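Trainee: Taking the UniProt record's numbering, the leading residue of the sequence shown gets 1, the next gets one more, and so forth.
Ideal placement from N, C-alpha and C gives every residue a C-beta, glycine not left out.
Just so you know, these numbers come straight off a predicted model, no measurement behind them.
Take this structure, written in structure tokens, and hold onto it; I'll ask about it next.
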Amino acid sequence: MEVRLEGITKSFGDFTAVNNLNVTIEDGTLAGLLGPSGCGKSTTLYMIAGLEKPTSGRIYFGDEDVTDLPAEKRGIGLVFQNYALYPHMTVRQNIMFPLENAKVPKAEALKIAQEMADLVQIGHLMDRKPGELSGGQQQRVAIARAIAKKPRVLLLDEPLSNLDARLRLETREEIRRIQQETGITTIFVTHDQEEAMSITDAIVLMKDGVLQQKEAPQEMYRKPANQFVASFMGTPPMGFMNGKVENGKVFIGSSILGDAEVANGDVVVGVRPESWRLSQEEGINATVKMVEVIGRDKLMTVDIEGQSVRCLIDSDNEVNVSDVVKLTVKPQAIHVFDTTSGHRLG
Numbered sequence: 001m002e003v004r005l006e007g008i009t010k011s012f013g014d015f016t017a018v019n020n021l022n023v024t025i026e027d028g029t030l031a032g033l034l035g036p037s038g039c040g041k042s043t044t045l046y047m048i049a050g051l052e053k054p055t056s057g058r059i060y061f062g063d064e065d066v067t068d069l070p071a072e073k074r075g076i077g078l079v080f081q082n083y084a085l086y087p088h089m090t091v092r093q094n095i096m097f098p099l100e101n102a103k104v105p106k107a108e109a110l111k112i113a114q115e116m117a118d119l120v121q122i123g124h125l126m127d128r129k130p131g132e133l134s135g136g137q138q139q140r141v142a143i144a145r146a147i148a149k150k151p152r153v154l155l156l157d158e159p160l161s162n163l164d165a166r167l168r169l170e171t172r173e174e175i176r177r178i179q180q181e182t183g184i185t186t187i188f189v190t191h192d193q194e195e196a197m198s199i200t201d202a203i204v205l206m207k208d209g210v211l212q213q214k215e216a217p218q219e220m221y222r223k224p225a226n227q228f229v230a231s232f233m234g235t236p237p238m239g240f241m242n243g244k245v246e247n248g249k250v251f252i253g254s255s256i257l258g259d260a261e262v263a264n265g266d267v268v269v270g271v272r273p274e275s276w277r278l279s280q281e282e283g284i285n286a287t288v289k290m291v292e293v294i295g296r297d298k299l300m301t302v303d304i305e306g307q308s309v310r311c312l313i314d315s316d317n318e319v320n321v322s323d324v325v326k327l328t329v330k331p332q333a334i335h336v337f338d339t340t341s342g343h344r345l346g
């Protein structure tokens, strides 16, 4: 089911949480609503769910305008951050609850509940209660309950935030597997860009209620629309320097960094830490200010023409504080942004 938002704005008094949002989530895809706290992503999810009504704009499921439909008539499955399971009910009863409300015959509801539990790999836990389950198992119960009624759209509100790091990794892979097996259009809210990049077909990145970019994860990483997107996507984040372009050459101070097919003038130059390369022969001079060993890599903070950036290099390289090294940048890895708007120039 395609989900389409047209000119969606949501205001709370004088505060605008979402501002003129236009975005389409394609049928059968897994999309992540991503952004820092307060960017409007959860509000957007709640408007899609029908828990919040837009101040203006329209919401469509396929060709159907659902803007004024109550949540229970939209055909959505919703998983909250805290899972909202009934503690006095067993896993089986929790999964069956929406089916019983929909007057599904008990024998059929039992069959569906078992199928959904098997899909999320908790079929052996049906007689347990939520208090007897781990956080990851409770998460799976909540997902099974949400998809038991075969929703048109599955909505997840920060579904992994209550899990530890290892369980978060396992569970996000499970969410992807479940989505692919069911084919349900799925939208989930997260503030973790690594989480969004790892499993989504598309990322909807927001800031201050405004859409910054909607793109496939790797394409957004490779071609960020503006300086905010560039800084938000990637760990460690992209570093920025003041520079200029003259006749297709990018200068940092008096040193040539590389090429860029943009108009002459002052620019902001962005390079991801992993795009730098140590060179023995040619390159731009950099003075090492700090070295951190992070497993297989070293993260150097260097000074280039009075500006500080971070470079990620193989830990086998011997570098020390105060060393002067030569650095080059991988081809196509120099990002150039407008100094005023922050928009990507090339």
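1. Which of the three DSSP states, helix, strand or coil, is assigned to residue 125?
2. Find out if the Cβ-Cβ distance for the pair residue 199, residue 32 is shorter than 9 angstroms.
3. For residue 1, collect the residues of the same chain with a Cβ closer than 7 angstroms to its Cβ; drop the 5 residues on either side in sequence, then sort them by chain order.
4. Would residue 125 and residue 91 be called neighbours here (beta carbons separated by less than 9 angstroms)?
5. Looking only at its chain, what residues have a beta carbon closer than 7 angstroms to the beta carbon of residue 228, apart from the 5 residues adjacent to it on each side?
6. Cβ of residue 220 within 9 angstroms of Cβ of residue 272?
7. For a quick check, are the C-beta atoms of residue 160 and residue 49 less than 9 angstroms apart?
8. Say the cut is 8 angstroms; is the CB of residue 325 nearer than that to a heavy atom of the ligand ZN?
9. For residue 7, collect the residues of the same chain with a Cβ closer than 8 angstroms to its Cβ; drop the 5 residues on either side in sequence, then sort them by chain order.
10. For the stretch 110-127 against the stretch 138-151, do three or more pairs of beta-carbon atoms, one drawn from each stretch, fall closer than 8 angstroms, so that the two count as touching?
11. Drop a sphere of 10 angstroms on the beta-carbon of residue 268, count the other beta-carbons inside from all chains shown, and report buried for 16 or more, exposed for fewer.
12. When you compare the stretch 319-337 with the stretch 273-286, are there three or more beta-carbon pairs, one atom per stretch, that lie closer than 8 angstroms?
13. Expressed to the nearest angstrom, what Euclidean distance is found between the alpha-carbon atoms of residue 252 and residue 204?
14. Do the stretch 231-245 and the stretch 298-315 touch if we need at least three Cβ pairs shorter than 8 angstroms?
15. Taking the straight line between their C-alpha atoms, what separation do you get for residue 40 and residue 144?
16. Just list the residues that DSSP pairs residue 46 with in beta bridges.
17. According to DSSP, what are the bridge partners of residue 307?
18. Are the CB atoms of residue 270 and residue 230 within a distance shorter than 9 angstroms?
19. Pick from 315, 319, 279 and 257: whose alpha carbon is nearest that of residue 332?
20. In the DSSP assignment, find the beta strand (DSSP E) that holds residue 184 and state where it starts and stops.
21. Taking residue 127 as the reference, give the member of 246, 214, 94 and 116 with the closest Cα.
Mentor: Concretely, from the data shown:
1. helix
2. It is a contact, given that the beta carbons lie within the stated cut-off.
3. 27, 61, 62, 152, 153 and 185
4. yes
5. Leaving aside the five residues that flank residue 228 on each side, the residues in its chain whose CB is nearer than 7 angstroms to its CB run, in chain order, 207, 212 and 342.
6. Not closer than 9 angstroms, so no.
7. no
8. Among the ligands in the structure shown, none appear at all, so the ligand ZN cannot be discussed.
9. 20, 21, 22, 56, 57 and 58
10. yes
11. buried
12. yes
13. When the Cα atoms are used, residue 252 and residue 204 turn out to be separated by approximately 33 angstroms.
14. yes
15. 27 angstroms
16. DSSP lists no partner for residue 46.
17. 304
18. yes
19. Closest option to residue 332, judged by alpha-carbon separation, among 315, 319, 279 and 257: 257.
20. That residue, residue 184, is in no beta strand (DSSP E); it is neither H nor E in DSSP.
21. 94
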